[in-house]
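Just below is one structure, and these are the notes that go with it.
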Ligand code: SF4
Ligand code: SF4
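Protein chains in written order, with this note's numbering: chain A, 1282 to 1466; chain B, 139 to 430.
Structure, rendered in structure tokens:
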């Protein structure tokens, strides 16, 4: 279990940023623990959802942005569905993930590599090309995974061997390009 | 006559989940639900896009909503829960002027507003419904014990999805019962299967999908019925891996709910893509006396 030291510097600007980006009132959380109790990934989290909320209220910027939990969170929305104060906890986890990514944290490297590989495939083809995504993931992570699944997927026609490029491929590529340019501004 | 929907298959439906696409379209055709595929649709970004930025995922989904609007459709149907979340979220954001401007800044053709999106399950439940389905059944699924598994996000969060019960959904139960199956009370209906972490963090999927398979096995279910390509892949394609990691054999076939409905509607094995399932559905189907 991670013990939070709340005497660290409190970054209220960060708290305001997350509140604004997520549209949620963070002060409403009274630490009932419902989000943590329902979250299917609590067993794998370094910081349970309710602790993320607590650390956030206290402006523990570094603790929150560097934790694995916000990268593992699958946006299943159990927390949001069960919070008695109607806080969209999943949205907050998501906003934290966005900031964490923008600022170069990646405690779960392979999750980030997988996301990057997937989006690169969408950008190139307009529709995701699974095999290409896997190859790119293997190249990024230098790790061979799931070799046992290949034959099973292939024999059932579940694995396309060629990408299906769409006509609007350029438009999709431009979405990514404009997005990147926006970040650089 | 029900209205014509724009159909958004999503990438999985022409890859790993072709059988979901085929069986879903076939069921809709039998039940008089008209689907027209959005021409030249593109990927909505699935979960990686919204993990990176919601304006990016909003734009990827909005390109498709824009195409559907141009086609004059009043609503979109999608079989994939992940696509549904993205389409619904984008739709809501497009109705907010500030967010719409941010999304449109990324698009080549601006999208002027949202469009209602529903899951294939919702369309089948609302446009046809259990009674009409029961009336169309020619080969009841009598004797088949099915655990209905909805996955985590099909009905969540309730404010956004606005369909069925977010904690104890029943739409699929009702359709399967109308098809004559025996539906077991499955306590893990909406628990997460481990999502897309099979590749980067396999241990998470082994644990979460493992719990689901164990619960289904303990309840004596002959089969699982699912509504999500990712859930299906985790539970079916990875079932051997899970069995090894939990030292327990399962052999539980994982059908798309549309495959089971299609069987009851008298559609053929090939039309439903039953041969694409990794765990052999034969033993379960033999219980129906329809041959395995
Ligand atoms: S959305 Fe994330 S934090 Fe919330 S319950 Fe699901 S996995 Fe846990
Ligand atoms: S469920 Fe809501 S109020 Fe309870 S700890 Fe989680 S965020 Fe706070």
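Think of the CB as a built atom: it goes at the ideal place given N, C-alpha and C, for glycine as much as any other residue.
Q | Helix, strand or coil at residue 149 of chain B according to DSSP, with G and I counted as helix | A | helix
Q: Report, in whole angstroms, the separation of the C-beta atoms of residue 154 of chain B and residue 1433 of chain A, which I expect to be a contact under 8 Å.
A: 11 Å between Cβ atoms; not a contact.
Q: Could you tell me whether any non-hydrogen atom of ligand 1 is closer than 7 Å to the CB of residue 1358 of chain A?
A: yes
Q) What residues match up with residue 283 of chain B in a beta bridge as DSSP calls it? A) B:320
Q: List the residues of chain A whose Cβ lies closer than 9 Å to the Cβ of residue 314 of chain B, in chain order.
A: Near residue 314 of chain B there are no residues of chain A at all, since even the closest Cβ is about 23 Å away, more than 9 Å.
Q | Per-residue contacts from residue 1369 of chain A into chain B (C-beta, under 8 Å) | A | Residues of chain B passing the Cβ test: 295.
(Q) Cutting at 6 Å between CB atoms, please list the residues of its own chain near residue 344 of chain B, excluding the five before and the five after it. (A) Cβ within range, chain order: 380, 383.
Q: Can you have a look at residue 1448 of chain A and say buried or exposed, based on whether 16 or more other CB atoms are within 10 angstroms of its CB?
A: When all chains shown are included, residue 1448 of chain A counts as exposed.
Q: Consult DSSP for residue 396 of chain B and reduce its assignment to one of helix, strand or coil.
A: Reduced to three states, the DSSP call for residue 396 of chain B is helix.
Q: Give the interface partners of residue 1328 of chain A over in chain B, defined as CB-CB distance under 8 Å, in chain order.
A: Those do not exist, as residue 1328 of chain A stays about 16 Å from chain B at its closest Cβ, beyond 8 Å.
Q: Identify which residue in B:341, B:342, B:373 has its Cα closest to the Cα of residue 354 of chain B.
A: B:373
Q. Whole beta strand (DSSP E) runs in the stretch 193 to 273 of chain B with 3 or more residues, listed along the chain?
A. 214 to 216, 255 to 257
Q: Reducing DSSP to helix, strand and coil, say where residue 276 of chain B ends up.
A: coil
Q. Residues of chain A with CB under 8 Å from residue 183 of chain B, in chain order?
A. Simply 1400, 1403.
Q: Ignore the nearest five residues each way along the sequence and tell me which others in residue 139 of chain B's own chain have a CB closer than 6 Å to its CB.
A: Its pLDDT being 43, under 50, residue 139 of chain B is placed unreliably by the model, and the measurement read from it follows with that caveat. Once the five neighbours on either side are set aside, residue 139 of chain B has no close Cβ partner at all.
Q. For ligand 1, is there a heavy atom less than 7 Å away from the beta-carbon of residue 190 of chain B?
A. no
Q) DSSP three-state call for residue 1370 of chain A: helix, strand or coil? A) Note: residue 1370 of chain A maps to helix in three-state DSSP.
Q. Over what stretch of residues does the beta strand (DSSP E) that includes residue 361 of chain B continue unbroken?
A. Where residue 361 of chain B is concerned, the enclosing beta strand (DSSP E) stretches over 361 to 364.
**Q.** Contact test: residue 1355 of chain A Cβ vs ligand 1 heavy atom, cutoff 7 Å
**A.** yes
Q | residue 1343 of chain A, DSSP secondary structure in three states | A | helix
Q: Output the distance between the C-alpha atoms of residue 426 of chain B and residue 1357 of chain A, rounded to the nearest integer angstrom.
A: 35 Å
Q) Does DSSP put residue 143 of chain B in a helix, in a strand, or in coil? A) Residue 143 of chain B: strand per DSSP, three-state reduction.
Q) Roughly how many angstroms separate the alpha carbons of residue 400 of chain B and residue 265 of chain B, rounded to a whole number? A) Counting only the Cα atoms, residue 265 of chain B lies some 16 Å from residue 400 of chain B.
Q) Taking Cβ-Cβ distances below 8 Å as the criterion, which residues of the stretch 1302 to 1323 of chain A are in contact with chain B? A) Against chain B - using a Cβ distance shorter than 8 Å - the residues of the stretch 1302 to 1323 of chain A are 1321, 1322.
Q | CB contact check: residue 1380 of chain A to chain B, cutoff 8 Å | A | Taking 8 Å as the threshold, the shortest C-beta distance from residue 1380 of chain A to chain B does not fall below it.
Q: Within 10 angstroms of the Cβ of residue 1361 of chain A, are there 16 or more other Cβ atoms? Answer buried if so, exposed if not.
A: buried
Q) Is any beta-carbon of chain A found at less than 8 Å from that of residue 337 of chain B? A) yes
Q.
Below 7 Å, is the gap between the Cβ of residue 1330 of chain A and the nearest heavy atom of ligand 2?
A. yes
Q) Cβ-heavy atom distance between residue 1322 of chain A and ligand 1 below 7 Å? A) yes
Q.
Once DSSP output is grouped into helix, strand and coil, what is the label at residue 1389 of chain A?
A. When secondary structure is reduced to three states using DSSP, residue 1389 of chain A falls in the coil class, being assigned neither helix nor strand.
Q | Those residues which DSSP pairs with residue 173 of chain B across a bridge | A | Answer is B:143, bridged to residue 173 of chain B.
Q | Cβ-based burial, residue 430 of chain B [other Cβ within 10 Å; buried from 16] | A | Here the model assigns residue 430 of chain B a pLDDT of 41, short of 50, so the residue's position is not dependable, and the following value carries that caveat. So residue 430 of chain B ends up on the exposed side.
Q: Could you have a look at residue 179 of chain B and say whether DSSP puts it in helix, strand or coil?
A: coil
Q | Limits of the alpha helix (DSSP H) - the one that residue 299 of chain B falls within | A | 296 to 299
Q: For residue 1370 of chain A, verify whether its CB is less than 7 Å away from any heavy atom of ligand 2.
A: Yes, ligand 2 has a heavy atom inside 7 Å of this Cβ.
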